[in-house]
Amino acid sequence: MWDGAADLDFAIIGAQKSASTYVHECLVQHPSIDIPPAEVRFFEDPSYSSASQAGFEQLFGPRSADVRRGLKRPDHLADPLAPGRITAAAPDVRVVAVLRDPVPRAMSAYVHYVRLGFLPLLPINDAFEGILDGSMSLNGHPRAADVLDYGLYGEHLSRWLLRVRRDRVHVMLQPDLASGPAAEIARLLTFLDLDPTTSPALAGAVRSANTGTYDHRRIRLLRSRNRFLFDYSTDLYRREPRRPSPLGLAWAATATAIDRGVLARRDRTRQPVLRSDLRARLRDYYREDTEALEALIGPVPWHVTND
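What follows is the structure, given as structure tokens:
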């Protein structure tokens, strides 16, 4: 287990499928921020047991007093071990959370896990019947529980606030990012003790970062590609990169080319409409947690949503 210190100024901890990638891509462009282009898994299992301080340092450039070091890993918001591990390594770390209405977030998360190969590809209503009643998790797909759990922002943020002072936690709401991205990024830079006017055009450059797809043709193609690129754990909860055979590598490259060059350009799909009774069940599932969240950060727009 890694027990070293981490020279880290801030961490973007989530939430998954809530525009944290957009925020990350904005910060990557900032000249006074040093943040790896990929997600950092050092503080979660199984990476944590073999992580090293030297390996962590290799993610960043030379240290400079006027540069903020950060990382992004949207799973950290809901990971019960992450707050203790990160604050033990970096006691003064600042935390950034980007939150979205948990109902559409859950729908995006389901499709995300399907594309990664963790959950079965089903019509959206059938999928959420299985997710809400627990049968999908019981039938060999444990990631189905995460679809719901990752949207319990009040519970997870409360756990972080046991380790990090409230004034060192910056919460952003996806609707605010959508309506005023430049202002929201400026507020984030202020939170990081950086000049908010240094990059006035920063927030307009990556509006489509990490855009998902609801096109079943693309999802099937990407799932088939992933089977050649990753080894999946027996419980279908984790995957690790594998060295594909020449044939597998050729198919993966072909699938990627077809997706990006043909299917993505024709993709006009939007998030499917969930049956009204299922939306109501999701809204009820998150109701108490949303009230707990508002007690921590103030009103959120989805609390008054009528589906």
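In terms of my numbering, the sequence shown opens at residue -8 and continues consecutively. C-beta: ideal position from N, C-alpha, C; glycine also. Being a predicted model, the structure only gives us computed values, none of them experimental.
Let's see if you can read the secondary structure: which residues bound the alpha helix (DSSP H) around residue i?
| i | result |
| --- | --- |
| F221 | Unbroken run through F221 is the beta strand (DSSP E), F221 to Y223; no alpha helix (DSSP H). |
| F182 | P172 to F182 |
| L287 | S267 to I288 |
| R230 | Note, R230: premise wrong, no alpha helix (DSSP H); beta strand (DSSP E) at R230 to P232. |
| V94 | P93 to L107 |
| F1 | Not the alpha helix (DSSP H): F1 falls in the beta strand (DSSP E), residues F1 to G5. |
| V14 | S11 to V19 |
| T247 | P237 to I249 |
| Y144 | Y144 to L152 |
| E48 | Q44 to E48 |
| Y39 | S38 to S41 |
| P111 | No alpha helix (DSSP H) contains P111, which DSSP labels as neither H nor E. |
| S126 | S126 to L129 |
| P74 | A73 to A80 |
| L185 | Where L185 is concerned, there is no enclosing alpha helix (DSSP H), given that its DSSP letter is neither H nor E. |
| V31 | First-last for V31: undefined, no H or E at that position. |
| V138 | R134 to D140 |
Residue i and residue j look like a contact to me (Cβ under 8 Å); what is the Cβ gap, rounded to whole Å?
| i | j | result |
| --- | --- | --- |
| T260 | R216 | Contact flag wrong, Cβ pair sits at about 19 Å. |
| G142 | P93 | 3 Å |
| R209 | D250 | 6 Å |
| S9 | I3 | At roughly 11 Å, the Cβ-Cβ gap does not stay under 8 Å, so S9 and I3 are not in contact. |
| Q165 | L90 | 7 Å |
| L287 | M98 | Contact doesn't hold; Cβ gap of about 24 Å is too wide. |
| D140 | A69 | 6 Å |
| S149 | A243 | About 41 Å; that fails the 8 Å criterion. |
If you follow the beta strand (DSSP E) that residue i is in, where does it begin and where does it stop?
| i | result |
| --- | --- |
| L90 | R85 to L90 |
| L62 | R59 to K63 |
| I26 | Where I26 is concerned, there is no enclosing beta strand (DSSP E), given that its DSSP letter is neither H nor E. |
| V160 | V160 to L164 |
Can you tell me whether residue i is buried or exposed, with buried defined as 16 or more other CB within 10 angstroms of its CB?
| i | result |
| --- | --- |
| T281 | buried |
| Q301 | The first residue shown for the chain is -8 and the last is 298, placing residue 301 beyond what the model contains. |
| H103 | buried |
| G5 | buried |
| P82 | exposed |
| H147 | buried |
| Q262 | exposed |
| Y13 | buried |
| P95 | buried |
| E285 | exposed |
| H207 | exposed |
| L183 | buried |
| P65 | buried |
| Y101 | buried |
| Y228 | exposed |
| P114 | exposed |
| P191 | The predicted position of P191 is uncertain, since its pLDDT is 49 and thus under 50; a value taken from the coordinates is nonetheless stated next. Result: exposed. |
| A196 | Its pLDDT being 47, under 50, A196 is placed unreliably by the model, and the measurement read from it follows with that caveat. Classification for A196: exposed. |
| G171 | exposed |
| G125 | exposed |
| L213 | buried |
| A169 | exposed |
| R234 | exposed |
| A80 | buried |
| E16 | buried |
| R278 | exposed |
If distances are taken between C-alpha atoms only, which option among the options comes closest to residue i?
| i | options | result |
| --- | --- | --- |
| V160 | R85, K63 and P27 | R85 |
| P74 | L220, E285, V155 and A(-4) | V155 |
| S236 | R59, Y223 and R218 | R218 |
| P71 | G108, A81 and D137 | D137 |
| V291 | D167, N130 and G125 | D167 |
| F1 | Q7, R256 and T78 | T78 |
| D226 | N130, R272 and P65 | N130 |
| P111 | V89, R234, R134 and R91 | R134 |
| L254 | S38, G203, L180 and L18 | G203 |
| S43 | D(-2), L68 and F221 | D(-2) |
| E35 | K63, R274 and I115 | K63 |
| R274 | D258, H294, A283 and I288 | H294 |
| S224 | H15, G108 and W242 | G108 |
| Y144 | S128, M163, M127 and D158 | M163 |
| R257 | A169, Y205, Y277 and P28 | Y205 |
| I176 | G239, V87 and N116 | V87 |
| H67 | E30, S41 and L185 | E30 |
| D268 | L18, N116, R32 and R54 | N116 |
| L153 | A244, L240, L238 and R76 | R76 |
| L18 | L179, S128 and L220 | L179 |
Against chain C, with Cβ distances strictly below 7 Å, would residue i count as a contact?
| i | result |
| --- | --- |
| Y277 | Structure shown: chain C not included; a single protein chain is present. |
Original post:
Are three or more beta carbon pairs between the stretch 110 to 130 and the stretch 36 to 48 nearer than 8 Å?
Top reply: no
Original post:
Using 8 Å as the threshold, is the stretch 54 to 67 in touch with the stretch 22 to 41, meaning 3 or more CB pairs across them?
Top reply: yes
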